[in-house]
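This is the structure in structure tokens:
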């Protein structure tokens, strides 16, 4: 398999050559991400599905390919039939009609996901000058809907006409032309405006006006991790400050399914089981993922939210050597470039494998892991997983689907599960890795959270990425609590810009914090002020990235009189430690104490109620009032107070007279019974006189 490069900046060749050399890597931060995957229209849903172990595999929709191609009894040699029809699809999230659109659907999807990734990183105003931003995507050279129609129009139409003339010479030329016209009319538009793979990146660069390198790479299943590797090289060279990297695959053309069917690679049981003893093949999936990358030092200096840090990448081909040797080279190069020992006891906690579910590929990958990370010594020390068990094999987007999953796992401190691996392959026992059937917390005290990600391309292109948790930095909330905060208010963003001009000119300004348009900058620096100007020029709300907060209008200023707003009040919680002293000071009331669980049940109860009342008052003073209130446990009392069932003065008197130490809670054991209250009460009265019904 050759790696095709289409480069709008004429730089791909040099970067590709550089990326194969195990040199020290400049650490790069993942500061934004977005994904559209089977079962998940966005990043949040994708992560929620991963943690919950959601199987997003379904039957192929009839709109993708004609159901008559499916024959579970067909042999692998038959090209016009496939014995598998299950895979990962995103049809429920797509509104583009591939027949009506004059742009390939995957390019529109890539533009949408890239835009979401930028919004996740901080928005368009967050980006540096367009000359300092580039886009590299992994994309296969498959038959997309537009190209498939074009091929049928050009090639199949002529074959159809020629066959008709040979078999039915009595047909007149007019009749043959009628058949040709009917066939081509059924195909839809003659061609798309974007039949070239590089346009997937070019559309993004054009729409976002970014002018750095913008191209696609085709390295089979390793494409998107190769794109990440190339983006790392651009950042390390200093030619760009922000890079978008990722992969796209939205091709379920029947010819692709036929190719994998004739290879015998599709699962006959129609279940993808990475590393399972009975794994029998892959299921094809689709998806798009994009990450926003920035040099770690720059991200830390700018106060960006960092999902994870890329410590090293490695890319290697098999050449004349065996498949195992090429994989080993890629993985070792990544760890060498990171300056880390993969055999160290605390080297990593998670290995997101390529894990296709095909026996031969899984066996080769297991051997690679044993070779690079060493044999098992005692209990397994790390988790192995494959997101393909949930969404299928997303081909050139497989690496980015795995990378995003792993970055989220590091960010959320969770080791995710893998599906359909109840009986792992025996070879896995020789490695230091084990699969999980359910999510669990990442163990503490083993050094920084670190993981590896594999993507091995069919034909011999292999890639590996080393990820690590972000360095611990001062939380933004701590910066807000400091003294060096610039706060300004004005009628419009343009007025705020003028205030910034006056301040930088040395003129003192009294901030009008009652104005509808407000901005706050913690520890303002020239760089933050420059970003603040871009934010104000853009005019969209900015929620704390780089220690800047901007609101173009008061919260819920466009609230309708009958809008459905609810306040939900919490109950007693062991981790209930709200920080509300600043709100109390703002409202001119006494600071609250004793609302955490360590002060005893009585003081904790009063504190929880008072915190709820304080927050409700603060929101009320801002003009935000609920149409409904609710609460959990003691929060029901807070809700009743807020609803007016008790007068405020009466509540104040009760709390002032209440002795927290007087509250005693006996040791109790609770049980849940799946039956109605009447039936339970009758049984308790006869059989268990010391047990009472507490809640119905």
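In the working numbering, the protein residues as written are 355 to 1050.
Just so it is clear, CB atoms sit at the ideal spot from N, CA and C, and this is done for glycine as well.
If you compare the alpha carbons of 926, 810 and 925 with that of residue 672, the shortest gap goes to 810. Judged by DSSP in its simplified three-state form, residue 931 adopts coil rather than helix or strand. For residue 1039, no beta strand (DSSP E) run applies; the uninterrupted alpha helix (DSSP H) run containing it begins and ends at 1031 to 1041, by DSSP.
Contact check for residue 408 and residue 744: beta-carbon distance about 6 Å, within the 8 Å limit, so the pair qualifies. In this structure, residue 694 keeps its C-beta atom at 9 Å or more from the C-beta atom of residue 738.
Look at the beta carbons and you see the region 743 to 763 touching the region 798 to 809: at least three pairs across the two are nearer than 8 Å. Within 10 angstroms of the beta-carbon of residue 422 lie fewer than 16 other beta-carbons, which makes it exposed.
Spatial neighbours of residue 627 in its own chain (CB-CB distance under 6 Å, excluding positions within 5 residues in sequence) are listed in chain order as 633, 711 and 774. Counting other Cβ atoms within 10 Å of its Cβ, residue 933 stays below 16 and is therefore classed as exposed. Linking residue 621 to residue 663 through their CA atoms gives a straight-line distance of about 35 Å.
In the DSSP assignment, residue 840 falls within the beta strand (DSSP E) that extends over 839 to 844. Taking 9 Å as the cut-off, the Cβ atoms of residue 488 and residue 753 do not count as close. Every beta strand (DSSP E) of 3 residues or more that sits fully in the region 411 to 481 is shown, in chain order, as 411 to 413 and 440 to 442. Going by beta carbons, residue 781 and residue 839 fall outside the 9 Å limit. Counting only unbroken stretches of 3 or more residues, the beta strand (DSSP E) elements lying wholly within the region 744 to 818 are 804 to 811, in sequence order. The Cβ atoms of residue 516 and residue 525 do not sit closer than 9 Å to each other. When the five nearest sequence neighbours on each side are left out, the beta carbons in the same chain lying within less than 6 Å of the beta carbon of residue 607 are those of 497 and 502, in order along the chain. C-alpha of residue 962 to C-alpha of residue 1022: approximately 22 Å in a straight line. Within the DSSP secondary-structure output, residue 903 pairs in a beta bridge with 874 and 897.
A contact is defined here as three or more CB-CB pairs under 8 Å, and the region 645 to 653 fails this definition with respect to the region 456 to 467.
The beta-carbon separation of residue 682 and residue 668, rounded to 10 Å, does not stay under the 8 Å limit for a contact. Rounded to the nearest angstrom, the Cβ distance from residue 895 to residue 905 is 6 Å, consistent with a contact under 8 Å. Taken through DSSP and simplified to helix, strand or coil, residue 663 comes out as strand. Taking each of 823, 791 and 874 in turn and checking the Cα distance to residue 842, the smallest one comes out for 874. Spatial neighbours of residue 468 in its own chain (CB-CB distance under 8 Å, excluding positions within 5 residues in sequence) are listed in chain order as 388, 489, 558, 562, 598, 600 and 644. In this structure, the beta-carbon distance from residue 820 to residue 946 does not fall below 9 Å. Residue 746 counts as buried, since at least 16 other C-beta atoms from the protein chains shown sit within 10 angstroms of its C-beta.
For residue 402, the enclosing alpha helix (DSSP H) starts and ends at 397 to 406.
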